[in-house]
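Read left to right, the sequence shown gives residues 0 to 324 (numbering that gives the first Met the number 0).
Ideal Cβ positions, reconstructed from N, Cα and C, are used throughout, including at glycine.
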Amino acid sequence: MQRIDAHTHLMGDHPRVVALLEELDLKVLNIGVVDSAHGPWREHLKTYRTLADEHPDRFAWVTTFEPPDFNDPHYAERVIEALDRDFAAGAVGCKIWKHVGMELKKPDGSYLLPDDAVFDPIYAHLEKVGQPLLMHIAEPLACWQPLKDGVPHCDYYRRNPHWHMYTRPEAPSHAALMAARDRVVERHAKLRVIGAHLGSLEYSLQAMADRFERYSNFAVDTAGRLWDLMYHYDADSLRAFFTRYQDRLLWGTDLVRFKPYSQYSDEQREDDFGHVRRLYATEYDFYGVKGATRRFERDVEHLALPGDVLRKLFVDNARAWYPGL
Ligand SMILES: [Zn+2]
């Protein structure tokens, strides 16, 4: 079964990367991100596009768009034009990133929220042309809590204090951001919305289930949240959840390689491939193979999901929610 990793940032511009994806029997969906810390996002998109053009069986891509310019009355029009160019060039969806809600501000000094009217024409356009919207809104709940050793993401916020919202009480709460995203999903009922990273609802299966029940146009990807699943839940609860919502969960890893592989030495690249192979083995095993993984100082039981559920998680749901794939 060729699996689709529905959430990567893989600058795989080296023939050995294609060989690795063949070995792993994998197609990856590269997601554009507008983040200055990650480098020039338009350059990344160009690489993602070239990879998809050259190896459509191994790569696909999702475009994104620049933050609002409140001085430009034609902002939405410009974005829509650029998105349409990217869709014509093969992009299979559009991403909005967490700086909306957590970092960007409006001219009046308030935080820009994802349901702001400035985005509405863009969402309406995506809805009209049938392109899905990947929403990375907010962060894990741990982002709004004091750092605690051993809790998933603690190290990330230690290294990136700028994103640790616990230290910024003036910023929107986690609940406020979830409510703003819910309003987008609700207002645009024909827009397919995929909540990245378990929709930032990793802390509660019930919170995810509530959205799935309320909104038939909402799904989530699992990108970068394997440890959260292992940390928060037992295998029985997860198995029941993944079975019940088998049409709403897209598998993704959030494999991040912003440095192009063409710039690695042969040794660096092969060394890195070792990490990549281990990451995918851990993911495949957890969802698909009976057994246990040692994590959080205990043996975490694998889900070993039934074949039809696994197929949806690894393949079919990505195609259903990103129809261009
Ligand atoms: Zn990502």
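Counting along the chain, no alpha helix (DSSP H) covers Gly194; the unbroken beta strand (DSSP E) around it starts and ends at Val192 to Gly194.
DSSP lists Arg293 as the beta-bridge partner residues of Asp298. In the structure shown, the three-state DSSP call for Met207 is helix. Ligand 1 never approaches Asp154 closely enough for any of its heavy atoms to be under 7 Å from the residue's Cβ.
For Ala5, the secondary structure class from DSSP, reduced to helix, strand or coil, is strand. Taking the Cα positions, Ala174 is about 42 Å away from Glu53.
Three or more beta-carbon pairs separated by less than 8 Å link the segment 302-321 to the segment 246-253, which places the two stretches in contact. Secondary structure note for Phe217: its beta strand (DSSP E) is the uninterrupted segment Phe217 to Asp220. Taking the CA atoms as reference points, Ala188 sits about 41 Å from Pro14. In the same chain as Leu237, and ignoring 5 residues on each side of it, the C-beta atoms closer than 7 Å to its own belong to Leu228 and Leu302, in chain order.
Relative to the non-hydrogen atoms of ligand 1, the Cβ of Ile136 never comes closer than 7 Å to any of them.
Checking the DSSP bridge columns, you'll see Lys104 partnered with Tyr110. At a threshold of 7 Å, Ala222 counts as near ligand 1, since its beta carbon sits closer than that to one of the ligand's heavy atoms. By the CB criterion at 8 Å, His152 and Ala141 fall inside the cutoff. When Cβ pairs closer than 8 Å are counted between the two stretches, the segment 90-102 is seen to touch the segment 58-76, the count reaching three or more. Beta-bridge partners assigned by DSSP to Asn29: Thr7 and Trp60.
Taking Trp226 as the centre and dropping the five residues before and after it, the same chain places the C-beta of Pro151 closer than 6 Å to its C-beta, in chain order.
Approximately 11 Å separates the beta-carbon atoms of Thr49 and Pro259; this is outside 8 Å, ruling out the contact.
Collapsing the DSSP output to three states places Ile121 in a helix. Note that the segment 14-23 does not touch the segment 81-88; fewer than 3 beta-carbon pairs, one per stretch, sit closer than 8 Å.
Separation of the CB atoms of Trp320 and Pro131 is rounded to 6 Å, and the pair is thereby assigned contact status at 8 Å. Note that the C-beta distance between His231 and Glu266 is not below 8 Å. Sorting Ala206, Gly194 and Arg224 by C-alpha distance to the C-alpha of Asn216 places Gly194 at the top.
When secondary structure is reduced to three states using DSSP, Met164 falls in the helix class. In the three-state DSSP reduction, Ile136 falls in the coil class, being neither helix nor strand.
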